Every structure is written in C-alpha cells, then in structure tokens.
Amino acid sequence: MNGIELLRIAVLVVYIVSGLLLSSLIVGKRIHQRRQLAHYRRRAKYLALLSRGLTTPDLRVDLGPRVAEDQAFLDALIDIRTSVIGPESDELATFVGRFGVMEGYARRLRGRLFVTRRLRAAVALAEVADDSFAPVLMDHLGDREPEIRIQAARGLARMHWTPAIDAIVDRFSVENPWVRSRFEDTLLSFGSKATWPLIAYIRVNHRFESPGSAAAIRTLANLGDRDAVTPLIDILGRASDIEIKLAAIETLGVLGVPLAFESLEKMFTAEDWRLRAKAATALAKVGDPRSLPALSSGLIDSNWWVRRNAAQGLSRYPEGIRRLHAAIRSAFPFARDAAAEALADAGEVIAARQRIEEGVPTDEDLELIEFIQSELVVPG
Amino acid sequence: MNQAAPKRILVADDSDTITTLLETALTAGGYEVLIARNGFDTYELGKSENVDLVILDHLMPGLLGLEIIERWRSEGIEVPVIVLSGVDDDRTVVSSLEVGAVDFIRKPFRLNELMARVKQRFPL
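As given, the protein sequences belong to chains A and B, one line each in that order.
If you're matching positions, the first sequence starts at 1 in our numbering and goes up one per residue.
If you're matching positions, the second sequence starts at 1001 in our numbering and goes up one per residue.
Below, the structure written as structure tokens:
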C-alpha cells in the first residue's frame, strides 16, 4: 500500500468514526428526550392521583409496587408536599402510607449501595413521612453520606421530633462546616426547645473544641431566645478561646438585653482588638445608655475597626450623635475621621447641608461641613 | 327541577402542580374549571369566557397577575379575583387588594382554607 492509499483509508476511518459519533449523539438525544417526556407524563399522572387522594381520602387506587423507585413519583410527591400546608400534609402522608411507599423508601435508605437511590429515599422521608419513621431518620443522622445526614435532620425538624435535638447538637463537633450550617438551620425549626440543649453542649465542649461551640452560640443568636443571655454571659467569662468569645459577644449583641452590658463593657477593654471591635457593636445593640462613655472612649482606640464600630454604635443614640459632633473637634485625627464617617452614614452631612441651604445651620453643622471640605482638599 | 349551572372558575398558574391540585379539588367541589398557564392566556380567557371567579398566581410568564387585574378592571371586567402568591411581603398583599382583588392567599396554602374561601364567594 502506498502513502496515498493509506491516507484514503485514514480519511475514510475518520469519516466513519465521526458519522458513528454524530449518530450516537442524535440517537442519545432522542432517547433522552423521550425519557424526559415519559417522566413528565408519569409525573403528571402521579400529580393527578395524589391530588385526588388529597380531595378524596377514601379513594381506592393501586399505585403499583415499584412506585417508590420512580423518580417521577418522588418529584410529584415533593411538589405537592411543598404546595400545601396544614392537615393536608398529614393526609398526603396517610394516603401515600396506605401503599407501603414510605416503608419502601425506608428499606432503600437502609441499603448500602446506590447513593442516589438512598438520597432519594432520604428526601422522600424528610418531606412526607409521618413521625412513625422518625427512628429511621434518627439512625441516619450519622450516615456516611453528608447529604443523607442533612435530609435526616430536615425530616426530624419537620416532624418536630424533639428527641432529635440533642442528637443533632451533638454532631456539631464532628461535622464539616457545610453540614453543620444546615444542621443549624434545622435547629431553628425547633424554636426555643433547642436553646438549653445548645447551652448544655457549649458548656461541656467550649474548652475542647471551638468550631462546633462557636456555631452553637451563633445558633442561639438566630433562635433569639433571651433565656440564653445569662448562660452566655457565664460562658463569655469562662471561655479562653477567642472564636468562642467572639461568637458569645456577637450573640449577646443580637439578643440585645441590657443585662449583658457589664460583660460587654469588660470585653471593650480586652487586649485583642477583635474582641474590642465586636464588643463595640454589641454594646450599641443592647441599647443601654451606659454604653455611651465606653463607645466614646472607643473613638481614640488604636485599631481602625474598634474606632469605626464605636462611632457607628454612637450614631444609634441621639446623645451619641452629639458626642460624634463633639469628636469632630477632637485632638486625635483618627477620632475625627471615625466620627465624620459615622455622621455621614447617619445622614447628618446631608441634613447639615440642607440646613445651611435653608439658612438655619447650627454651629455643629458648620463645623461638620468645614471638616468634610477640609479633608477633601488635595494638598498642593 | 332546574339545577343551577356549576360556577366557572379560572385557575391561572404556571405551576402544573398547583393547577392539577386546584382543578381536582374544585371539580370535586362541583365547579367547572378552566386552566391558564401564562399571563396572556389568563387575560384572554378572563375576557372571553364568562367566568365567575379567578384564582390567579401573582407571578406568571407574560403578564404579572396584578397587571392582568388592572387591565380587566380598566375594560370593565369585574370578575372577582383571589390572588395566590409565594411572595411573602405585605406590599404585595396591599397592592393586590388595591388593584381590585377580593382576597389574597399565600403559598404554600391550606387547601381546605382555599376551598372555604371559594365557597364563600358563592353563597347559596
């Protein structure tokens, strides 16, 4: 064979292979479209069936033994479940339960293979199952797959299965940040019932690990239960880890109870600038006028964040605004800058300009505008 | 004995889950149901068909629910409208009632409650 014949054969092979690839793409796409259409049709059929089951509870119908394996059924179930609330959700679970579907999902979840099928089963149980399946979900809070653990916690939260609270909280120290944040969200569903388990966890663990304890403290902020204030003050006093202290300060600020004032004021004199900066923000949030002297002293702190947060904190009080205006005359340039920025953020610069235009400026307005303009002048 | 013709209800939502569920429930309740899945079809059906009540999703492709109500009202179409919305803010509720909706239901909703509100529109 000479070179030209070889070349012809090579070109022919390329054409044949390309043709085969193109054909398989086209065929594959057609198959996929048909599967999608079939899925859509089955889903529509299941939607209609489940809707009839909701409106006619005694409806006699055969869903078929393999319905639990059908993704279209799960899609329809979840879609309906997320569209209705109240007693209809329970009726849906009862209707579906008559056909052993949830038992099928529980068996699938307990399997060892096929992560996707197990995850589907976990989602179905989390969305629809009644609390007779809570033990199944409890068993899977420690599942090897993180997404299944998340779904288990979600389902238990939806069922308001309070024995799950301790089990979920206990996992804070061993979970990765992503799973832990999802666990934090599920705990919010339990409301104030989660407060004391979280506090117990923090009390025991804050000496040994910080990520889980800090996350538990921040969850208390999101729960907003003021019963947590006194224990948190105690933890703030005892904790040595900076992350836990920061979380506790932040949470005390969010909970906004003046009872926390003294602890936060003490943090305002801490050596670590991060504690002082957080304490400045928290002091402003607790709304205690005793914060004003501390916040005023923060304007001459060595750290920019502390000065900024102290100034922002002062701007939340009418007396604080007066102190900020006074700080424009401070001997410390950084204090003047922080005060001017906070006054600008509070709308005082705009208000001052307006009063000047109207011909009724105060001395403070003139001082503020003069300071702003002098700071904007570029030295020649 | 004359039987009154069933009340005609237009269900307008781009979610087939909602339309299937409401169609099933309303049909079981003895109503005749029309379905629309986008804003333009909803507007046209409300104009051309003699419906007694509209259950209207706030956010649909084509025309928004409130735009549809405004257009109907400007053309003298006074069909009562119940707005169904997943948008959870008071401004949407107020806006809906201001343009002429008679009721507002948040999603996810209680089916029994929605059926009761529909029934209340048609006192015996």
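C-beta: ideal position from N, C-alpha, C; glycine also.
Being a predicted model, the structure only gives us computed values, none of them experimental.
(message) Just to confirm my understanding: we take alanine 294 of chain A, look at its own chain, exclude 5 residues before and 5 after, and list those with CB closer than 7 Å. What are they?
(response) Sequence-distant Cβ neighbours of alanine 294 of chain A in its own chain, meaning closer than 7 Å and more than five residues away, are Glu265, Phe268, Leu283.
(request) Answer with yes or no whether the minimum CB distance from arginine 52 of chain A to chain C is below 9 Å. (result) Protein chains in the displayed structure are A and B, and chain C is not among them.
(request) For the stretch 63-73 of chain A and the stretch 1032-1050 of chain B, state whether three or more C-beta atom pairs, one from each stretch, are separated by less than 8 Å. (result) No, the stretch 63-73 of chain A does not touch the stretch 1032-1050 of chain B.
(request) Using three-state DSSP, classify alanine 1036 of chain B as helix, strand or coil. (result) Note: alanine 1036 of chain B maps to strand in three-state DSSP.
(request) List the DSSP bridge partners of arginine 1008 of chain B. (result) BP columns for arginine 1008 of chain B point to B:Glu1032.
(request) Compare the Cα-Cα distances from alanine 221 of chain A to each of A:Gln151, A:Ala194, A:Leu125 and report the closest residue. (result) Considering only alpha carbons, the answer is A:Ala194.
(request) Look up leucine 1114 of chain B in the DSSP assignment and give the residues it is bridged to. (result) None; leucine 1114 of chain B has no bridge partner.
(message) Would leucine 308 of chain A and glutamate 357 of chain A qualify as a contact pair, given that the criterion is a beta-carbon distance under 9 Å?
(response) It should be pointed out that residue 308 of chain A corresponds to arginine in this sequence rather than to leucine. Cβ distance not < 9 Å, so arginine 308 of chain A and glutamate 357 of chain A don't count as in contact.
(request) Tell me, to the nearest whole angstrom, how far the beta carbon of isoleucine 328 of chain A is from that of leucine 368 of chain A; I am working on the premise that it is less than 8 Å. (result) Correct: roughly 6 Å between the Cβ atoms.
(message) How far does the beta strand (DSSP E) with serine 189 of chain A in it extend, from its first residue to its last?
(response) Not the beta strand (DSSP E): serine 189 of chain A falls in the alpha helix (DSSP H), residues 177-190.
(message) Threshold first: 4 residues or longer. Then list the alpha helix (DSSP H) segments lying entirely within the stretch 255-335 of chain A, N to C.
(response) Here the runs fully enclosed are 261-267, 273-286, 291-298, 304-314, 318-327.
(request) Taking a Cβ distance cut-off of 8 Å, strictly less, list which residues of the stretch 1032-1050 of chain B are near chain A, in chain order. (result) Cβ contacts with chain A come from no residue of the stretch 1032-1050 of chain B.
(request) In angstroms with no decimal places, state the Cα-to-Cα distance between serine 296 of chain A and alanine 311 of chain A. (result) If you draw a straight line from the Cα of serine 296 of chain A to the Cα of alanine 311 of chain A, it is about 8 Å long.
(request) Pick out whichever of A:Leu63, A:Leu37, A:Gly86, A:Leu125 has its Cα sitting closest to the Cα of isoleucine 78 of chain A. (result) Nearest Cα to isoleucine 78 of chain A within the set A:Leu63, A:Leu37, A:Gly86, A:Leu125: A:Leu125.
(message) Mapping the DSSP letters down to three states, classify isoleucine 85 of chain A as helix, strand or coil.
(response) Coil at isoleucine 85 of chain A, not helix or strand.
(request) Return the Cβ separation of leucine 1021 of chain B and valine 1118 of chain B in integer angstroms, given the expectation that the two are a contact with Cβ distance under 8 Å. (result) At roughly 13 Å, the Cβ-Cβ gap does not stay under 8 Å, so leucine 1021 of chain B and valine 1118 of chain B are not in contact.
(request) Give the interface partners of leucine 1111 of chain B over in chain A, defined as CB-CB distance under 7 Å, in chain order. (result) Per Cβ cutoff of 7 Å: Leu54, Val84, Glu88.
(request) Measure how close the beta-carbons of leucine 49 of chain A and glutamate 88 of chain A come, nearest whole angstrom, since I'm counting them as under 8 Å. (result) Incorrect: roughly 15 Å between the Cβ atoms, too far for contact.
(request) Check distances from the C-beta atoms of the stretch 1013-1025 of chain B to those of chain A and list, in chain order, the residues that come in under 9 Å. (result) Listed by position along the chain: Ser1015, Asp1016, Thr1017, Ile1018, Thr1020, Leu1021, Leu1022, Glu1023, Thr1024, Ala1025.
(message) To the nearest angstrom, how far is the alpha carbon of isoleucine 148 of chain A from that of leucine 119 of chain A?
(response) Cα to Cα, the separation comes out at about 6 Å.
(request) Ignore the nearest five residues each way along the sequence and tell me which others in glycine 321 of chain A's own chain have a CB closer than 8 Å to its CB. (result) A quick correction: the sequence has isoleucine, not glycine, at residue 321 of chain A. Answer for isoleucine 321 of chain A: Leu314, Ser315, Leu343, Ala346, Glu348, listed in chain order.
(request) Keeping to the same chain, check which residues put their C-beta closer than 6 Å to that of alanine 157 of chain A; ignore five residues upstream and five downstream. (result) The answer, listed in chain order, is Thr186, Ser189.
(request) Run through the stretch 84-148 of chain A for me and flag every whole alpha helix (DSSP H) of 4 or more residues, listed as ranges in chain order. (result) Inside the stretch 84-148 of chain A, DSSP marks whole alpha helix (DSSP H) runs of 4 or more residues at positions 87-97, 101-110, 115-128, 134-139, from first to last along the chain.
(request) Consider the Cβ of alanine 121 of chain A: report whether some Cβ of chain B lies at a distance smaller than 9 Å. (result) So no, alanine 121 of chain A is outside the interface.
(request) Starting from leucine 63 of chain A, trace the beta strand (DSSP E) both ways and give me its first and last residue. (result) Run containing leucine 63 of chain A: none; DSSP gives neither H nor E here.
(message) Tell me the DSSP secondary structure of aspartate 1041 of chain B in three-state form.
(response) In the structure shown, aspartate 1041 of chain B sits in a helix (DSSP, three-state: H, G or I).
(message) What does the alpha-carbon distance come out to for the pair glutamine 33 of chain A and tyrosine 40 of chain A?
(response) Glutamine 33 of chain A and tyrosine 40 of chain A: Cα-Cα distance of roughly 10 Å.
(message) Below 8 Å on the Cβ atoms is my contact criterion, and I expect alanine 399 of chain A with leucine 299 of chain A to pass it. Report the Cβ-Cβ distance as a whole number of Å.
(response) For chain A, the structure presents residues 1 to 380; residue 399 of chain A sits outside this window and is missing.
(message) For arginine 1106 of chain B, report the span of its alpha helix (DSSP H) as first-last.
(response) From DSSP, arginine 1106 of chain B is part of no alpha helix (DSSP H) but of the beta strand (DSSP E) over 1103-1106.
(message) Against alanine 1116 of chain B, what residues of chain A qualify as contacts under a CB-to-CB distance less than 7 Å, listed in chain order?
(response) Neighbours of alanine 1116 of chain B on chain A: none; closest Cβ ~12 Å, over 7 Å.
(request) Indicate the three-state DSSP secondary structure (helix, strand or coil) for isoleucine 1055 of chain B in the structure shown. (result) Here isoleucine 1055 of chain B carries a strand assignment [DSSP, helix/strand/coil].
(request) Name, in chain order, the residues that DSSP records as bridge partners for serine 1085 of chain B. (result) Its beta-bridge partners are B:Arg1106.
(message) Taking the beta carbon of aspartate 62 of chain A as the centre, do at least 16 other beta carbons fall within 10 Å, making it buried, or is it exposed?
(response) Looking at its Cβ environment, which holds fewer than 16 other Cβ atoms inside 10 Å, aspartate 62 of chain A is exposed.
(message) Within 9 Å of any Cβ in chain B, is that where the Cβ of leucine 47 of chain A sits?
(response) Chain B has a Cβ within less than 9 Å of the Cβ of leucine 47 of chain A.
(request) For histidine 1058 of chain B, collect the residues of the same chain with a Cβ closer than 8 Å to its Cβ; drop the 5 residues on either side in sequence, then sort them by chain order. (result) Once the five neighbours on either side are set aside, the close Cβ partners of histidine 1058 of chain B are Leu1064, Gly1065, Leu1066, Val1083, Leu1084, Ser1085, Gly1086, Val1087, Thr1092, Ser1096.
(request) Check whether the Cβ of proline 1061 of chain B lies closer than 9 Å to any Cβ atom in chain A. (result) By this cut-off, proline 1061 of chain B is not an interface position.
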